[in-house]
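J.:
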Amino acid sequence: MKKTWVTLGAALALGATAATAEEVRVYNWSDYIDEDLLSQFEEETGIDLIYDVFDSNEVLETKMLAGGSGYDVVVPTASFMERQITAGVFQTLDKSKLPNIDNLWDVIAERTAQFDPDNAYSINYMWGTTGMGVNVEKVKEALGDDAAIDSLALIFDPANMEKLASCGVHILDAPDEVVPAALTYLGEDPNSHDPEVLAKVEPLMSAISPYVQKFHSSEYINAIANGDICVAFGWSGDILQARDRADEADNGVEIVYNAPKEGALMWFDQLAIPADAPNPEGAHKFLNFMLDAKNMAAASNYVYYANGNKASQEFLEEDVIGDPAIYPTEEAMANTYVKGAYPSKVQRVVTRMWTAIKSGT
Amino acid sequence: MKRLGLILVPYLWLLALFLVPFLIVLKISLSDTELAIPPYTPTLDIAEGWEGIKTWWAGLDLENYTWLASDDLYWKAYLSSLKIAVISTLLTLIVGYPIAYGMSRAPDEWRPTLMMLIILPFWTSFLIRVYSWKAILSNEGLLNQLLIYLGIITDPLVILNTNVAVYIGIVYTYLPFMVLPIYSALERLDESLLEAAEDLGCSRFTAFWLVTMPLSKQGIIAGSFLVFIPAMGEFVIPALLGGSKTLMIGKVLWEEFFSNRDWPVASAVAVVLLLLLIIPIVLFQRNEEKQREAQK
Numbered sequence: 001m002k003k004t005w006v007t008l009g010a011a012l013a014l015g016a017t018a019a020t021a022e023e024v025r026v027y028n029w030s031d032y033i034d035e036d037l038l039s040q041f042e043e044e045t046g047i048d049l050i051y052d053v054f055d056s057n058e059v060l061e062t063k064m065l066a067g068g069s070g071y072d073v074v075v076p077t078a079s080f081m082e083r084q085i086t087a088g089v090f091q092t093l094d095k096s097k098l099p100n101i102d103n104l105w106d107v108i109a110e111r112t113a114q115f116d117p118d119n120a121y122s123i124n125y126m127w128g129t130t131g132m133g134v135n136v137e138k139v140k141e142a143l144g145d146d147a148a149i150d151s152l153a154l155i156f157d158p159a160n161m162e163k164l165a166s167c168g169v170h171i172l173d174a175p176d177e178v179v180p181a182a183l184t185y186l187g188e189d190p191n192s193h194d195p196e197v198l199a200k201v202e203p204l205m206s207a208i209s210p211y212v213q214k215f216h217s218s219e220y221i222n223a224i225a226n227g228d229i230c231v232a233f234g235w236s237g238d239i240l241q242a243r244d245r246a247d248e249a250d251n252g253v254e255i256v257y258n259a260p261k262e263g264a265l266m267w268f269d270q271l272a273i274p275a276d277a278p279n280p281e282g283a284h285k286f287l288n289f290m291l292d293a294k295n296m297a298a299a300s301n302y303v304y305y306a307n308g309n310k311a312s313q314e315f316l317e318e319d320v321i322g323d324p325a326i327y328p329t330e331e332a333m334a335n336t337y338v339k340g341a342y343p344s345k346v347q348r349v350v351t352r353m354w355t356a357i358k359s360g361t
Numbered sequence: 362m363k364r365l366g367l368i369l370v371p372y373l374w375l376l377a378l379f380l381v382p383f384l385i386v387l388k389i390s391l392s393d394t395e396l397a398i399p400p401y402t403p404t405l406d407i408a409e410g411w412e413g414i415k416t417w418w419a420g421l422d423l424e425n426y427t428w429l430a431s432d433d434l435y436w437k438a439y440l441s442s443l444k445i446a447v448i449s450t451l452l453t454l455i456v457g458y459p460i461a462y463g464m465s466r467a468p469d470e471w472r473p474t475l476m477m478l479i480i481l482p483f484w485t486s487f488l489i490r491v492y493s494w495k496a497i498l499s500n501e502g503l504l505n506q507l508l509i510y511l512g513i514i515t516d517p518l519v520i521l522n523t524n525v526a527v528y529i530g531i532v533y534t535y536l537p538f539m540v541l542p543i544y545s546a547l548e549r550l551d552e553s554l555l556e557a558a559e560d561l562g563c564s565r566f567t568a569f570w571l572v573t574m575p576l577s578k579q580g581i582i583a584g585s586f587l588v589f590i591p592a593m594g595e596f597v598i599p600a601l602l603g604g605s606k607t608l609m610i611g612k613v614l615w616e617e618f619f620s621n622r623d624w625p626v627a628s629a630v631a632v633v634l635l636l637l638l639i640i641p642i643v644l645f646q647r648n649e650e651k652q653r654e655a656q657k
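The following block contains the structure:
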């Protein structure tokens, strides 16, 4: 018996030392990297990379606030990160360990600095817009040839949704993104925290929610690619990945992504290092690896999201840099807005409303 | 001494695996949220000694429980979970009883194979089994393709992301928990009792109703609790197969915890759920004890 304990103790001790010396643990969004880059990083640095995925900021935030997550690099969205910085979740970056940091694109860095002053805690990984992915053929069948697939009315007008219900509509299960879109559709300030203004979202969304097949933040990629659904309100690159999967499968599904013409939410996913990261040294190495122009270009070419790396742009494929759905024109960039984090009280109002919208109670 | 050990061990087990976690959750449910690590206050600081404990104790209150009572969402979610748990328990019983009956009536040499067929699915992860139902039930899934191919329907049935899919998932997942206790009750059944009933003029059905059913009652009760208790707090199945309209307390708890980052309210929801489940758990224990007594 005693012997077992000794062996067990030794195994634990070994495990602990291995964790501090040779591993970097990365926690990133699902379907969000070219996996070849992971093995490339391991080859170049000799560090074991442990790669985990999540599909909602809420899950990441809960792990961060619980502390001791064991991750060295995480990828929160800037609006959530703003709040997490206040909670003391992250450590400031040691920029002397990030020689590739000059590759960053000032246009994006300026915007992310609104959430992370001086970009002290994070660097931009990818950014994109939230909008409508549409299976063109099925939507035209349901709504007629002149259906406005670039307008928020597609999902917020009950008349449209009633006709779309039978072919299937998914909406992000992310009140922080859908509520601002609903406010934009209503002509209100998407960043409003005013309870009276926010209350206008509930009747609007409750009217369409019976026609929504599912509120979910990752299933729509496969669902729209397979033709299971015809409209998804989701993240730009996810829908473009779905387009790509449908092309590869050659299943006759044609998918188009449009940022809402009424104004699109622009978001930024940031690479950051938790304050209690077991291996901050290795985390910086990973960040620097991702800041490399070619590596970042490879990631964007794979996931169809724009990145905040100016130097990577010459290595981007034409169907990425040349696609206005990924790299919007300057005019389209002007038609976007950014959204800050909700304070706790407002968050509770929004979440409660979201439950009411989804479940009818 | 030996006797003391026999009593002590299970209680220590209960203390470590049930009471301690419960007290931690209870403690969090009495605190308030805060944007920090961990995201609630007050936290107990042992280093400050007695004073620390006193300030910590003073910071606790029942506010979160009054909050639960003030919003009808929580009661609706508890009731809706209760409804889903009751209906799926009944469905599992309806499906499971004939299976258990068939097994117990099968020739002896078949029984190990039949038992294997019930247990075999456990060799695959629960998550994968539930996930594969998505492939069967989706609009373009196997079931719809088959029915359309056979010409039974023209438009695909929408099953995935509805409550129907949740029932299918629960019945499928928990079926073995229903079948095994009923089977073990039926297997012990003395067949001469049935012969006696038939000799005394019962039809086969009346004999089944008057003899077999009452004798398998313990198995039915045990199986029903084994299905009902986990189904009540189920989260994975409604999350994977259910739609946005499936309201269950497990999902509400998830939302409090993740979307609102409100650990105290989430803990209060969990404590109330546990208290509600204590009644069926105690009843289950009684039934088990009765069964043990009966076997002596």
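Top to bottom, those sequences are chains U and L.
The opening position of the first sequence corresponds to residue 1 in the working numbering, with each subsequent residue numbered one higher.
The opening position of the second sequence corresponds to residue 362 in the working numbering, with each subsequent residue numbered one higher.
Cβ coordinates follow ideal geometry from the N, Cα and C atoms, glycine included.
Does the separation of the CB atoms of U:Val89 and U:Met64 fall below 8 Å?
T.: In the first sequence, the residue the question calls residue 89 of chain U occupies position 89. In the first sequence, the residue the question calls residue 64 of chain U occupies position 64. Yes, the pair counts as a contact, with Cβ atoms nearer than the cut-off.
J.: Could you check if U:Ala78 is buried or exposed, using at least 16 other CB atoms within 10 Å of its CB as the buried criterion?
T.: The sequence position of residue 78 of chain U within the first sequence is 78, counting from 1. When all chains shown are included, U:Ala78 counts as buried.
J.: Output needed for U:Asn100: all residues of its chain with C-beta closer than 6 Å, excluding positions within five of it in sequence on either side, in chain order.
T.: For this step, residue 100 of chain U is matched to residue 100 along the first sequence. So the qualifying residues of the chain are Asn288, Leu291 and Asp292.
J.: List the residues of chain L that U:Ser206 touches, going by C-beta distances under 7 Å, in chain order.
T.: In the first sequence, residue 206 of chain U corresponds to position 206, counting from 1. Ordered by position in chain L, no residue passes the 7 Å Cβ test against U:Ser206, which lies about 12 Å from the chain.
J.: Taking Cβ-Cβ distances shorter than 8 Å, what residues in chain U pair up with L:Gly530?
T.: As a position in the second sequence, residue 530 of chain L is number 169, starting the count at 1. Chain U residues near L:Gly530: none, gap ~15 Å exceeds 8 Å.
J.: For a minimum of 4 consecutive residues, which ranges assigned as the alpha helix (DSSP H) are wholly contained in the stretch 58-126 of chain U?
T.: 78-86 and 106-112
J.: Please state whether the Cβ-Cβ distance between U:Asn335 and U:Ala264 is less than 8 Å.
T.: Position 335 of the first sequence, counted from the start, is the residue given in the question as residue 335 of chain U. Position 264 of the first sequence, counted from the start, is the residue given in the question as residue 264 of chain U. U:Asn335 is a Cβ neighbour of U:Ala264, given a cutoff of 8 Å.
J.: At a CB-CB cut-off below 7 Å, which residues of chain L make contact with U:Ala66?
T.: Taking the first sequence and counting its residues from 1, one reaches residue 66 of chain U at position 66. Those are Pro399, listed as they occur along chain L.
J.: Excluding the 5 residues flanking U:His284 on each side, which residues of the same chain have their C-beta closer than 8 Å to its C-beta?
T.: Looking up residue 284 of chain U in the first sequence gives position 284. Same-chain partners within the cutoff: Leu93, Asp94, Lys97, Leu98 and Ile273.
J.: Go to U:Leu38, then tell me how far its alpha helix (DSSP H) extends in each direction, as first and last residue.
T.: What you label residue 38 of chain U is simply residue 38 of the first sequence in a count that begins at 1. Glu35 to Thr45 is the span of the alpha helix (DSSP H), which, as asked, contains U:Leu38.
J.: Taking the beta carbon of L:Ala631 as the centre, do at least 16 other beta carbons fall within 10 Å, making it buried, or is it exposed?
T.: Counting from 1 along the second sequence, the entry for residue 631 of chain L is found at position 270. By the neighbour-count rule (16 or more Cβ atoms within 10 Å), L:Ala631 is buried.
J.: Roughly how far, in whole angstroms, is the beta-carbon of U:Val253 from the beta-carbon of U:Asn135, given that I think they are within contact range, below 8 Å?
T.: Numbered from its first residue, the first sequence carries residue 253 of chain U at position 253. Numbered from its first residue, the first sequence carries residue 135 of chain U at position 135. Between U:Asn135 and U:Val253 the Cβ distance is about 6 Å, and since that is below 8 Å, they are a contact.
J.: Which residues, in order along the stretch 104-133 of chain U, keep a beta-carbon less than 8 Å from a beta-carbon of chain L?
T.: none
J.: Spell out the partners DSSP gives U:Arg352 in its beta bridges.
T.: Counting from 1 along the first sequence, the entry for residue 352 of chain U is found at position 352. In the DSSP output, where bridge partners are listed per residue, U:Arg352 has none listed.
J.: Identify every residue that forms a DSSP beta bridge with U:Ile50.
T.: The residue given as residue 50 of chain U occupies position 50 in the first sequence. Bridge pairing for U:Ile50: U:Arg25 [DSSP].
J.: Relative to the alpha-carbon of L:Val525, which residue among L:Tyr401, L:Phe538, L:Leu423 and L:Ser449 has its alpha-carbon at the smallest distance?
T.: Stepping through the second sequence from its first residue, residue 525 of chain L is reached at position 164. Among L:Tyr401, L:Phe538, L:Leu423 and L:Ser449, the Cα nearest to that of L:Val525 belongs to L:Ser449.
J.: Which residues of the stretch 492-503 of chain L have a Cβ closer than 7 Å to any Cβ of chain U? Give them in chain order.
T.: Ser499, Asn500 and Glu501
J.: For the alpha helix (DSSP H) containing L:Val370, list its first residue and its last residue.
T.: Translated into positions along the second sequence, residue 370 of chain L becomes position 9. That run of the alpha helix (DSSP H) goes Lys363 to Leu375.
J.: Comparing C-alpha positions only, which one of U:Ala246, U:Ala275 and U:Gly234 sits nearest to U:Asn258?
T.: What you label residue 258 of chain U is simply residue 258 of the first sequence in a count that begins at 1. Nearest C-alpha to U:Asn258: U:Gly234.
J.: Under 8 Å, do U:Ser179 and U:Val212 count as touching if we go by C-beta distance?
T.: Sequence index remark: in the first sequence, residue 179 of chain U carries index 179 (1-based). Sequence index remark: in the first sequence, residue 212 of chain U carries index 212 (1-based). In the sequence on display, residue 179 of chain U carries Val and not Ser. Cβ distance not < 8 Å, so U:Val179 and U:Val212 don't count as in contact.
J.: Tell me the residue span of the beta strand (DSSP E) that contains U:Leu271.
T.: Taking the first sequence and counting its residues from 1, one reaches residue 271 of chain U at position 271. Segment Ala264 to Ala272, the beta strand (DSSP E) holding U:Leu271.
J.: Looking only at its chain, what residues have a beta carbon closer than 7 Å to the beta carbon of U:Asn295, apart from the 5 residues adjacent to it on each side?
T.: As a first step, residue 295 of chain U is located in the first sequence; it is residue number 295 there, counting from the start. Taken in chain order, the residues that qualify are Leu37 and Phe289.
J.: Return the chain-ordered list of same chain residues with a C-beta closer than 6 Å to the C-beta of U:Ser209, the five sequence neighbours on each side being excluded.
T.: Mapped onto the first sequence, residue 209 of chain U falls at position 209. Only Ile357 meet the Cβ criterion.
J.: Once DSSP output is grouped into helix, strand and coil, what is the label at U:Met132?
T.: As a position in the first sequence, residue 132 of chain U is number 132, starting the count at 1. Looking at U:Met132 - three-state DSSP - the assignment turns out to be strand.
J.: For U:Thr17, does the three-state DSSP call read helix, strand or coil?
T.: As a first step, residue 17 of chain U is located in the first sequence; it is residue number 17 there, counting from the start. The predicted position of U:Thr17 is uncertain, since its pLDDT is 46 and thus under 50; a value taken from the coordinates is nonetheless stated next. It is helical.
J.: Interface residues of chain U around L:Phe618 at Cβ under 7 Å?
T.: Stepping through the second sequence from its first residue, residue 618 of chain L is reached at position 257. In chain order: Thr62.
J.: If you measure from the beta carbon of U:Thr351 to each beta carbon in chain L, is any gap under 8 Å?
T.: On the first sequence, residue 351 of chain U is found 351 positions in, with the first residue counted as 1. By this cut-off, U:Thr351 is an interface position.
J.: Taking 8 Å as the threshold (C-beta atoms), are L:Trp624 and L:Ile389 in contact?
T.: On the second sequence, position 28 is the one that residue 389 of chain L refers to. On the second sequence, position 263 is the one that residue 624 of chain L refers to. Yes.
J.: Judging by CA-CA distance, which residue of L:Cys563, L:Ile610 and L:Glu501 is the nearest neighbour of L:Tyr441?
T.: Against the second sequence, residue 441 of chain L aligns to sequence position 80. With the sequence shown as reference, residue 441 of chain L is identified as Ser, and Tyr is not the correct amino acid for it. The residue with the shortest Cα to Cα distance from L:Ser441 is L:Ile610.
J.: Do we get a CB-CB distance below 8 Å when we pair L:Arg472 with the residues of chain U?
T.: Here the question's residue 472 of chain L lines up with position 111 in the second sequence. So no, L:Arg472 is outside the interface.
J.: Which bits of chain L does U:Glu58 rub up against, with CB to CB less than 7 Å?
T.: Walking along the first sequence from the start, residue 58 of chain U turns up at place 58. Neighbours of U:Glu58 on chain L, chain order: Phe619 and Ser620.
J.: For U:Ala225, which residues in chain L fall below 8 Å Cβ to Cβ?
T.: Taking the first sequence and counting its residues from 1, the one referred to as residue 225 of chain U is at position 225. What U:Ala225 touches in chain L: nothing, since even the nearest Cβ is about 11 Å away.
J.: Along chain L, which residues have their Cβ under 7 Å away from the Cβ of U:Phe215?
T.: The sequence position of residue 215 of chain U within the first sequence is 215, counting from 1. Within 7 Å Cβ-Cβ: Ser605.
J.: Within 10 angstroms of its Cβ, does L:Thr567 collect 16 or more other Cβ (buried), or is it exposed?
T.: Position 206 of the second sequence, counted from the start, is the residue given in the question as residue 567 of chain L. Flag for L:Thr567 reads exposed.
J.: Name, please, each residue of chain L whose Cβ falls closer than 8 Å to the Cβ of U:Ala87.
T.: Taking the first sequence and counting its residues from 1, one reaches residue 87 of chain U at position 87. Simply Leu396, Ala397, Ile398 and Pro400.
J.: Does any C-beta atom of chain L lie closer than 8 Å to the C-beta of U:Val139?
T.: Residue mapping note: residue 139 of chain U aligns to position 139 of the first sequence, counting from 1. It does not; no Cβ of chain L falls within 8 Å.
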